[in-house]
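Chemist:
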Amino acid sequence: MSGSMKDVARRAGVSVATVSHVINGTRFVNPDTKNKVLKAIEGLNYVPNAAAKSLKSKSSKTIKIVLPIEKFSYQQEMHFALINSMLPYWNEKQYIISLHQIDYKNEEDYNKIFLHTMDGMIIFSPTNEIYRAISHKKISIPSVFLDYRPEDEEEDEGNFVYVDHFHTMHYEVLELLKKKHHRIGYLENTEGSRMNEECKKAYKDAFIQSDIPMEAELLKSIPSSSEGGYEIAKAWLEGKKVSAIICSDEQISLGVTRYLLEEQLDIPTIFYTNGVWGSLYEQGETIQIPCEKIALQTAEMMYQLISKGEDEAITHQFRTEVVKEEASIYSLEKANKFIEEHSKFQTTRWRQNYHITPLVGWLNDPNGLVQFKGEYHVFYQFHPYGPEWGPMHWGHVRSKDLVHWEHLPVALAPDQLYEKGCFTGSAIEKDGELVIYYTAHDDSNKMKEVQCIATSKDGIVFDKSEKNPIIKNISGEAAEDFRDPKVWEYRGKWYMIIGTSKNQDGRAVLYTSSNGIDWDFYSVVATGDGKLGDFWECPDLFPINNVHILMISSINIKGAKNVFLIGEFDYQTGIFEKDTIQIVDYGRDFYAGQTFIDEKDRRILVGWMHRWGEAVPTQKDGWAGSLTIPREIKMDGDGNIITVPVQELQTLREEKMEVTPMKICDTIFPVKIKGNALEIECEFEISAQSPDMFGIHVRKSKNGDEYTEIIYDVQKQELSMDLNRSGKKGKGISTA
Ligand code: FRU
């Protein structure tokens, strides 16, 4: 007798689908159930026909990626990078990727993997347990194991893609030994990992192979902390115990680097860092694992398996690649030459008349506002080579009157090994020199932000200090965003406030110094308590009358991006207590404001007129961005903080035109005053007959279709600016 699939199902007490899964291996079936089905098949002498088998060929067009839930952060970053690199491949083949995160430590989770229909699965960074569990299931779902090598490779048949940490490290250590570095310190964390083990073995083997005795005390396991790295590096190097150091833990390597920088020691180091998957970092040289290649090879391996329909063992192995860090391709000469050549071809359409704009390229934050030897200097975040944000330089303009600005050569270019961008900072006069404090930003590996100095005698040509970076490490009170130093002097002491965050809550921290060069962490000035954005940029702290203002920018504050926190600051504790908050500017484009005190003792504010995320029309003309006009910050009679255009701007006034008083009702009155740049003073008198709303249209087009409306709502006492008909981009209404 030979039964049908239905009979098998009936006898085994399961559904037809389950029988099909057992036959075709399309899903995980509980071993007991599977046994029952197999017995029924045997008992009924059932031979699956083509139809039963064809279920298998019904592709779900899905590849499952299995990932661990909690792993070291470096692994997560690596997983993201791999998935990203693989997506286009699967897209093109019209496969869907289904991501499945499971707890690799929890065996119950293993079975859940098989609960879905899929054509194949790629298992990321499996543990031995999960590898065994999956490969021993003998379910015919093609599987590729990525970032994994079974302990006993010979015996295991499987599809593996792995990075050969052993040979990579082995090669590097042999090189060091060849260069006569016979005492190489090796630091690892006590947690251990496969990568660690492989690297350590490679280190030991290199000594054996070179016939050089390895000193056991130079191989140390310590808890993962930067302090630990610092202390051991110090002990080793002070006692001249080692001439090279290897770390297989990022935190430890941070401490080692800090010690080397402080002591200005230039010894060979090899660090495994977290930023790029297991990249090795050697001074000035990053040895990276080729993530993209690995992802494509993995996808290709998977595709071969599913299209052939059979499990053929293929193994890929990667050695890491050496990527030399080039000396910077940016320089002041190059930037200035580019600007000179390209500003000739600029059109004047859409140029502002008296706002600061870049000759070419992109401008963002105002930087280093200062009056030096009588003249006003404004620097700005600047990418000369294109009208979009890019490697940051410092652009520079100068003025005698805060009104007419003269363009000067670029002040800073990201030309040092420690920087890929010269980020925002401030300027101050010290002993007749102009000193700039700025953030050297480098995100080529893991993001690094350190604080630096550049000085100038003439206020035009700046030298970066040999001592840079002067603040090398973020303190425990700050996250990796750690930038925009604003420096001032108070009663013979120097203060530097820096924008940062901790646990995704914006905060500002303070450093102090007796000479402006050696700085110590002083305090956490203030935090946002979860209400003022996840990260603070461009902090500034200054007194106005009897209060202190902490001005911060943060793109994630609801309702405003640049705010004044008004309260009290205590120099004894370094802590600012906030009483109230005020929006710096109710317009739609105001960010990254910075202030300075001029010789007339005015507190002057300049901001960047921009809103993130929108194209800027002038980009077509090769430039983008402008700064706001300088405004004086004051307190009015009611204790409100107000900002008023500096009085020098009145010198721009030319011809005066007047409109005779008129009565406003529902109609629109044409006013015969024309101009591209006008200062408009309007006075409205409200009476019982006044309309509920009134205002003016400016920049009206000839056909009347385009205009900007400035309107007052009498009931609500609100002044609004409506940009919805102002042009192509940047719509919206802002209200004060
Ligand atoms: C603010 C900002 C600063 C940074 C600079 C980089 O707009 O993000 O925090 O220093 O821009 O250009």
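Per the numbering used here, the very first residue in the sequence shown carries number 1134; after that it's consecutive. Ideal Cβ positions, reconstructed from N, Cα and C, are used throughout, including at glycine. Small disclaimer: the values here were computed from a predicted structure and weren't measured.
Among L1279, E1814, P1423 and E1396, which residue has its Cα nearest to the Cα of A1368?
Modeler: As a position in the sequence shown, residue 1368 is number 235, starting the count at 1. The shortest Cα separation from A1368 among L1279, E1814, P1423 and E1396 belongs to E1396.
Chemist: With DSSP collapsed to three states, give me the class of D1140.
Modeler: Sequence index remark: in the sequence shown, residue 1140 carries index 7 (1-based). DSSP places D1140 in helix when its eight states are reduced to three.
Chemist: Check the DSSP bridge columns for A1659 and list the partner residues they point to.
Modeler: Your numbering for residue 1659 matches position 526 in the sequence shown. A1659 pairs with A1641.
Chemist: Which residue from H1830, G1325, R1531 and Q1584 puts its Cα closest to that of I1873?
Modeler: Absent from the model: residue 1873. The displayed extent of the chain is 1134 to 1869, so no value can be given.
Chemist: Enumerate, from N- to C-terminal direction, the unbroken beta strand (DSSP E) stretches of 3 or more residues contained entirely within the stretch 1315-1379.
Modeler: Counting whole runs of 3 or more residues, the stretch 1315-1379 contains the beta strand (DSSP E) stretches 1317-1322 and 1352-1355.
Chemist: Decide if H1529 is buried, meaning its Cβ has at least 16 other Cβ atoms within 10 Å, or exposed.
Modeler: On the sequence shown, residue 1529 is found 396 positions in, with the first residue counted as 1. Buried: at least 16 other Cβ atoms inside 10 Å.
Chemist: Leaving out five residues on either side along the sequence, give the residues of the same chain with a beta carbon under 7 Å from the beta carbon of K1635.
Modeler: Taking the sequence shown and counting its residues from 1, one reaches residue 1635 at position 502. Closer than 7 Å at Cβ, skipping near neighbours: E1610, A1611 and A1612.
Chemist: Mapping DSSP to helix, strand and coil, what is P1164?
Modeler: On the sequence shown, residue 1164 is found 31 positions in, with the first residue counted as 1. Reduced to three states, the DSSP call for P1164 is helix.
Chemist: Note down the Cα distance separating E1874 from P1547, rounded to an integer number of angstroms.
Modeler: Summary: the structure shown does not reach residue 1874, with the chain confined to residues 1134 through 1869, and so no result is reported for it.
Chemist: Below 8 Å, can you find three or more Cβ-Cβ pairs linking the stretch 1740-1749 to the stretch 1719-1728?
Modeler: Short answer: they touch.
Chemist: Measure the beta-carbon distance from R1391 to N1689 and round it to whole angstroms, keeping in mind my assumption that it falls under 8 Å.
Modeler: Taking the first residue of the sequence shown as position 1, residue 1391 is located at position 258. Taking the first residue of the sequence shown as position 1, residue 1689 is located at position 556. Wrong, their Cβ atoms sit about 31 Å apart, outside the cutoff.
Chemist: Anyone know if the C-beta pair for F1654 and S1687 falls short of 8 Å?
Modeler: The residue labelled residue 1654 in the question sits at position 521 within the sequence shown. The residue labelled residue 1687 in the question sits at position 554 within the sequence shown. No, Cβ-Cβ distance for F1654 and S1687 is not below 8 Å.
Chemist: Please identify the residue among S1759, R1764 and S1656 whose C-alpha is closest to the C-alpha of R1736.
Modeler: Working through the sequence shown from its first residue, we reach residue 1736 at position 603. With distances taken between Cα atoms, R1736 lies closest to R1764.
Chemist: For A1145 and M1254, I'd like the C-alpha separation in whole angstroms.
Modeler: Residue 1145 sits at position 12 when you count from the first residue of the sequence shown. Residue 1254 sits at position 121 when you count from the first residue of the sequence shown. Each residue's alpha carbon lies about 29 Å from the other.
Chemist: Just to confirm my understanding: we take I1345, look at its own chain, exclude 5 residues before and 5 after, and list those with CB closer than 7 Å. What are they?
Modeler: Counted from its first residue, the sequence shown places residue 1345 at position 212. Answer for I1345: L1310 and H1315, listed in chain order.
Chemist: With F1675 as the anchor, note down where its beta strand (DSSP E) starts and where it stops.
Modeler: In the sequence shown, counting from the first residue as 1, residue 1675 sits at position 542. F1675 -> beta strand (DSSP E) spans E1670 to I1677.
Chemist: Check the C-beta distance from A1102 over to N1486 and give it rounded, since I have them as a contact under 8 Å.
Modeler: Residue 1102 lies beyond the residue range present for the chain, which begins at 1134 and ends at 1869; the question has no answer from this structure.
Chemist: Using three-state DSSP, classify W1483 as helix, strand or coil.
Modeler: Stepping through the sequence shown from its first residue, residue 1483 is reached at position 350. DSSP places W1483 in coil when its eight states are reduced to three.
Chemist: Go ahead and pull the three-state DSSP assignment for A1145.
Modeler: The sequence position of residue 1145 within the sequence shown is 12, counting from 1. A1145 falls in the helix class under three-state DSSP.
Chemist: Please name the residue or residues paired with V1680 in a DSSP beta bridge.
Modeler: On the sequence shown, position 547 is the one that residue 1680 refers to. Answer is I1677, bridged to V1680.
Chemist: Return yes when the Cβ of W1522 is within less than 8 Å of the Cβ of N1497, no when it is not.
Modeler: In the sequence shown, residue 1497 corresponds to position 364, counting from 1. In the sequence shown, residue 1522 corresponds to position 389, counting from 1. Taking 8 Å as the Cβ cut-off, N1497 and W1522 qualify as a contacting pair.
Chemist: Please list, in chain order, all residues of the same chain as I1844 whose beta carbon is under 6 Å from its beta carbon, the five residues on each side excluded.
Modeler: The residue you call residue 1844 lines up with position 711 of the sequence shown. So the qualifying residues of the chain are M1826, G1828 and S1853.
Chemist: Does the distance from the C-beta atom of V1306 to that of N1292 stay below 8 Å?
Modeler: Locating residue 1306 in the sequence shown gives position 173, where the first residue counts as 1. Locating residue 1292 in the sequence shown gives position 159, where the first residue counts as 1. Result no, Cβ atoms of V1306 and N1292 do not sit closer than 8 Å.
Chemist: Check whether the stretch 1420-1429 touches the stretch 1342-1356, counting contact only when three or more Cβ pairs, one atom from each stretch, lie closer than 8 Å.
Modeler: Judged by Cβ distances under 8 Å, the stretch 1420-1429 makes no contact with the stretch 1342-1356, as fewer than three pairs qualify.
Chemist: Out of curiosity, what's the CA-to-CA distance linking K1334 and L1177?
Modeler: Position 201 of the sequence shown holds residue 1334. Position 44 of the sequence shown holds residue 1177. Using only the alpha carbons, I get a separation of about 56 Å.
Chemist: Buried or exposed, going by whether 16 or more other CB atoms sit within 10 Å of the CB of P1803?
Modeler: One-based indexing of the sequence shown puts residue 1803 at position 670. Answer is exposed; the Cβ neighbour count stays below 16.
Chemist: State buried or exposed for T1865, treating a residue as buried only when at least 16 other CB atoms are found within 10 Å of its CB.
Modeler: One-based indexing of the sequence shown puts residue 1865 at position 732. Residue 1865 is actually Gly in this sequence, not Thr. Label assigned to G1865: exposed.
Chemist: So within the stretch 1202-1248, which uninterrupted alpha helix (DSSP H) runs reach at least 4 residues, ignoring any that extend past its ends?
Modeler: Those alpha helix (DSSP H) runs which fall completely within the stretch 1202-1248 and span 4+ residues are 1206-1225 and 1240-1245.
Chemist: Confirm the yes/no value for this check: CB of M1251, any heavy atom of the ligand FRU, distance under 7 Å.
Modeler: Stepping through the sequence shown from its first residue, residue 1251 is reached at position 118. Not so, every heavy atom of the ligand FRU lies at least 7 Å from the Cβ.
Chemist: Using DSSP with H/G/I as helix, E/B as strand and the rest coil, what is E1814?
Modeler: The residue labelled residue 1814 in the question sits at position 681 within the sequence shown. In this structure, E1814 counts as coil in the three-state DSSP scheme.
Chemist: Going by C-alpha distance, which of Q1549, F1675, D1703 and H1300 is nearest D1734?
Modeler: For this step, residue 1734 is matched to residue 601 along the sequence shown. D1734 has its Cα closest to that of F1675, out of Q1549, F1675, D1703 and H1300.
Chemist: Across the stretch 1760-1780 and the stretch 1709-1718, are there enough close Cβ pairs to call them in contact, namely three or more that are closer than 8 Å?
Modeler: Cβ pair count under 8 Å is three or more, so yes.
Chemist: Within this structure, are the beta carbons of I1650 and K1600 separated by less than 8 Å?
Modeler: Within the sequence shown, numbered from 1, the residue matching residue 1650 stands at position 517. Within the sequence shown, numbered from 1, the residue matching residue 1600 stands at position 467. A contact, by the Cβ cut-off of 8 Å.
Chemist: Are the stretch 1503-1510 and the stretch 1744-1759 in contact at 8 Å, needing three or more beta carbon pairs?
Modeler: The answer is no - the stretch 1744-1759 does not touch the stretch 1503-1510, with fewer than three Cβ pairs under 8 Å.
Chemist: Quick check on the burial criterion: 16 or more other C-beta atoms within 10 angstroms. Buried or exposed for T1480?
Modeler: Taking the sequence shown and counting its residues from 1, the one referred to as residue 1480 is at position 347. Its Cβ having fewer than 16 others within 10 Å, T1480 is exposed.
Chemist: Indicate, with yes or no, if the ligand FRU has a heavy atom lying under 7 Å from the CB of A1725.
Modeler: Position 592 of the sequence shown, counted from the first residue, corresponds to residue 1725. Yes, Cβ of A1725 sits closer than 7 Å to a heavy atom of the ligand FRU.
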